[in-house]
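Chains as they are written, first to last, in full-length UniProt numbering: chain C, 1 to 215; chain Z, 1 to 215; chain E, 1 to 215; chain B, 1 to 215.
Number of protein chains: 4
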Amino acid sequence: MSQPLPDSIPPDLFAARADAIAAAARELALAGWTPATSSNFSMRVDSEHAAITISGRDKGKLTRDDIMLVDMQGRAVGTDARPSAETALHTQVYRRWPEAQAVLHTHSRTQSVASRLFAKHGVVRVEGWELQKAITGHTTHEGVLEIPVFPNTQHMPELVAHVDAWLDSGNPLSAYLIDGHGIYTWGRDMAEARRHLEALEFLLACELDLRRLKA
Amino acid sequence: MSQPLPDSIPPDLFAARADAIAAAARELALAGWTPATSSNFSMRVDSEHAAITISGRDKGKLTRDDIMLVDMQGRAVGTDARPSAETALHTQVYRRWPEAQAVLHTHSRTQSVASRLFAKHGVVRVEGWELQKAITGHTTHEGVLEIPVFPNTQHMPELVAHVDAWLDSGNPLSAYLIDGHGIYTWGRDMAEARRHLEALEFLLACELDLRRLKA
Amino acid sequence: MSQPLPDSIPPDLFAARADAIAAAARELALAGWTPATSSNFSMRVDSEHAAITISGRDKGKLTRDDIMLVDMQGRAVGTDARPSAETALHTQVYRRWPEAQAVLHTHSRTQSVASRLFAKHGVVRVEGWELQKAITGHTTHEGVLEIPVFPNTQHMPELVAHVDAWLDSGNPLSAYLIDGHGIYTWGRDMAEARRHLEALEFLLACELDLRRLKA
Amino acid sequence: MSQPLPDSIPPDLFAARADAIAAAARELALAGWTPATSSNFSMRVDSEHAAITISGRDKGKLTRDDIMLVDMQGRAVGTDARPSAETALHTQVYRRWPEAQAVLHTHSRTQSVASRLFAKHGVVRVEGWELQKAITGHTTHEGVLEIPVFPNTQHMPELVAHVDAWLDSGNPLSAYLIDGHGIYTWGRDMAEARRHLEALEFLLACELDLRRLKA
């Protein structure tokens, strides 16, 4: 995309972020976590901008040209392309966590089913798994990892408000589910975001398995 | 296949359709949705003709030579090859939806099991999933997506009549299941048909998972 | 394997059979149906000989050199290699079905679990699935496909006797399970044997899914 | 890693062990058994040293440079790299079984879920499966394979003591689970360790399936 970038953003920087996003998207698509062109991915470019997937593209075939620039209010910058409908949830992460560099939103079957199953509780409480230690800030299997489940809506400001309310109440937050929809998580670099996503998928799948076995 | 095409059909057009069908078939076979040479795939060539898979071929190894031409009554055109037994279900879609360009029929385990489980209700009602939006015409997770389940038969005119009766009663139709068998869906191009199929597989799998977990 | 073949067997014929077995083994291993060096595969060479996998090799890395010749009593011919422990079950198929050209024995999780679940009935009865038509001789979903489940034993003659008794009672037989163990099936060529195996895996998996969902 | 090896260890020997570990790790990661940088792997180098994975690396991308040398007390030798937290469990195996050459610790979903489900019994008892024969020392499906489940802890000496107590009571041990965590198994070479791991994953998965089906 011959996108006229703002002068403050080196083209190489944008290209590197776009390539990293596209590579992650292709790998997550291969894992089956982005069915039917769903899911969206972003990386911070600077304090005022993020690179994010253009809406509706097949995530298994993503390239640099499927990534666009937005400002932290989620508005397209230097392009007529339409950003993912849920861009506001990405920029919220970058605004609230200055150290966040990558945000991943996927739709795996496990994530979607877990969100439906736990929606009535408003939260999934995960404990007793060694793999909780893969989430930054968790150093033992003995703690409890809380993943809130917010109601789904097509109106993004409602979801933004749910996330803000959770954070403003002082609860820690590494990731959240949206009912019938999927998961959001993030990290201080793409590797950490990927590790968080992979661990959360595993932990949710294990919790569902335990319920199937104990029913 | 050195197939004598009707003069009205440019050889390049037929070849392009055949290649697109074969590519889709190989990818769907890799996903495990076409066990034991089952499943069939087609694309519209013009208002009077469609390209469709020849019966009984291994879908994982399909090439252009495994695709033949049929007219909209399902008769072979310019070849002695035998079209898929269910050709009549494909040409029905092209007759009833002038905008339909591709029809996909697969046999995944999820599709087959869901068809058996919901056969007694005659329909699967899917609601509350964000991914319903991947089906053209659905713009929110709040609607209900109805996928009818028709009784299986080896006599195609009965199935054609079931589909016609559903449509003639004014119900919307994006896809249907056949009991103990598989799914049919379509789109205005191959990409849309693929997106529909992928979304339906996901939604049916999620519904089965919820039942396993709540039982 | 520089195997001194009997003069009556053209080296090219043995090599072709060995290559076909090795190729099938690698593909079935990739599908996860041959865990931990289990499973064995053979093809008829002539009325008196078959080519069969040598015992204990990793099926995911099989080559022509992992295949040996046996006579129809299961004795090694022209080699000191040890044939699979269950060679007698392969040669039984070639003796009882003159048209059989390939025998496949795998150990998928679905096959093993189904064998345990249905062992007390002595048979799995499969009906109502379109994919039954993939088994030669079955032309409709309305018939019943019976897959007997024989008790496991480390003493092969007992298993041979179970198979003989089933056949001698006049029951049709396309495949059988051994309790806690795996499946045997065959075909008039490797493609038919593969189609039978793939269809049986699918049908058993669907039957297990239905039980999970209806429990 | 330009690691100054002790004079007694030929560089080619260390490199061969490191390459074998990295190759096994990549294959096990591909199978999904090492989520989110978890799991660790080692091989004996000589009676006093083992090669083991450095902590926290992505197991899907492991190379020779991600492997370090430790002594049999688990201390880094000739490097500042930090060995896996659970190194003490590896070196215990090499101390207690002089013939052990490779130790594998993975975290598959099946292993983790089975460990939670059977933790209250302290052991998984596996019987009636042909694939038990893939575990060295087991020659029939009629025996019982016992896999103890030890409580998880972040304090390795407690786990070492649990394993010692099991062995000192005279029970045979081919593998053990840690609650909410994963599995340890080993072999007289990497191929045997891999065969053990693959068979144990299969057997645990089958046992979980039987429970789901009989519930």
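From the three backbone atoms N, C-alpha and C, an ideal C-beta is built for every residue, glycine too.
For GLN101 of chain E, no Cβ of chain B is located within less than 8 Å of the residue's own Cβ. Around ARG26 of chain C, the same chain offers LYS59, GLY60, LYS61, LEU62 as residues with beta carbons nearer than 8 Å, after the five sequence neighbours per side are excluded. Ranked by Cα distance from THR91 of chain B, the first of B:ASP80, B:LEU204, B:ASP46 is B:ASP46. If you look at GLU48 of chain C, you'll find it isn't in any beta strand (DSSP E); DSSP assigns it neither H nor E. Around GLN73 of chain C, no beta-carbon contact reaches into chain Z at under 7 Å, the shortest distance being about 24 Å. At a cut-off of 8 Å between C-beta atoms, GLY32 of chain Z does not count as an interface residue with respect to chain C. When DSSP states are grouped into helix, strand and coil, THR136 of chain E belongs to the coil group. Between GLY128 of chain C and ARG116 of chain B a beta carbon distance of about 7 Å is seen, short of the 8 Å cut, so the two are scored as contacting.
By the criterion of a C-beta distance shorter than 6 Å, ARG188 of chain E is surrounded in its chain by GLU99, GLN101, once the five residues flanking it on both sides are discounted. Rounded to whole angstroms, LEU69 of chain E and ALA18 of chain E show a C-alpha spacing of 9 Å. Ranked by how close their Cα comes to the Cα of THR37 of chain B, the residues B:ILE147, B:TYR184, B:LYS120, B:SER84 have B:SER84 in first place. PHE118 of chain E and ILE147 of chain E have their C-alpha atoms some 10 Å from each other. Contact of ARG195 of chain B with chain E by beta-carbon distance below 7 Å involves ALA36, THR37.
Within chain E, not a single residue places a beta-carbon under 7 Å from that of TRP186 of chain B; the smallest gap is close to 15 Å. Put simply, the CB of ALA15 of chain E is far from chain Z, with every gap to its CB atoms at 8 Å or more.
When Cβ pairs closer than 8 Å are counted between the two stretches, the segment 124-138 of chain B is seen to touch the segment 197-209 of chain B, the count reaching three or more. Following the DSSP letters along the chain, one finds ALA22 of chain Z inside the alpha helix (DSSP H) bounded by residues 11-30.
Put simply, the backbone Cα of ALA22 of chain C is about 14 Å away from that of TRP33 of chain C. One alpha carbon belongs to LEU28 of chain Z, the other to LEU104 of chain Z, and they sit about 10 Å apart. Taking a C-beta distance under 8 Å as the contact criterion, ASP71 of chain C and ARG57 of chain C do not qualify as a contact pair. Residue environment: GLU86 of chain B is assigned as buried (16 or more neighbouring CB atoms within 10 Å of its CB, all protein chains considered).
Residue pairing for HIS107 of chain C: DSSP places it in no beta bridge.
Relative to the Cα of HIS196 of chain E, the nearest Cα in the group E:GLY137, E:TRP166, E:ALA165 belongs to E:GLY137. Within the same chain, and ignoring the five residues on either side of ARG96 of chain E in sequence, the residues whose Cβ sits closer than 7 Å to its Cβ are LEU167.
A straight line joining the alpha-carbon of TYR176 of chain Z with that of GLY182 of chain Z spans about 9 Å. Under the three-state reduction of DSSP, THR153 of chain C is assigned to coil, being neither helix nor strand. For ARG125 of chain C, there is no enclosing alpha helix (DSSP H); the residue is found in the beta strand (DSSP E) stretching over 123-127. Around the C-beta of SER39 of chain C, 16 or more other C-beta atoms lie within 10 Å, and the residue is accordingly described as buried. Around the Cβ of ALA31 of chain B, a 10 Å sphere holds fewer than 16 other Cβ atoms; the residue is exposed.
Burial state of ALA161 of chain B is exposed, judged by a 10 Å Cβ sphere holding fewer than 16 other Cβ atoms.
Taking a Cβ-Cβ cut-off of 8 Å, the neighbours of ASP209 of chain E in chain Z comprise ARG109, VAL113, LEU208, given in sequence order. Straight-line measurement puts the Cα of GLN111 of chain C at about 38 Å from the Cα of ALA51 of chain Z.
Per DSSP, reduced to three states, the secondary structure at ARG44 of chain Z is strand. The C-beta of ASN152 of chain B has 16 or more other C-beta atoms within 10 Å across all chains shown, which makes the residue buried.
For MET72 of chain E, there is no enclosing beta strand (DSSP E), since its DSSP letter is neither H nor E.
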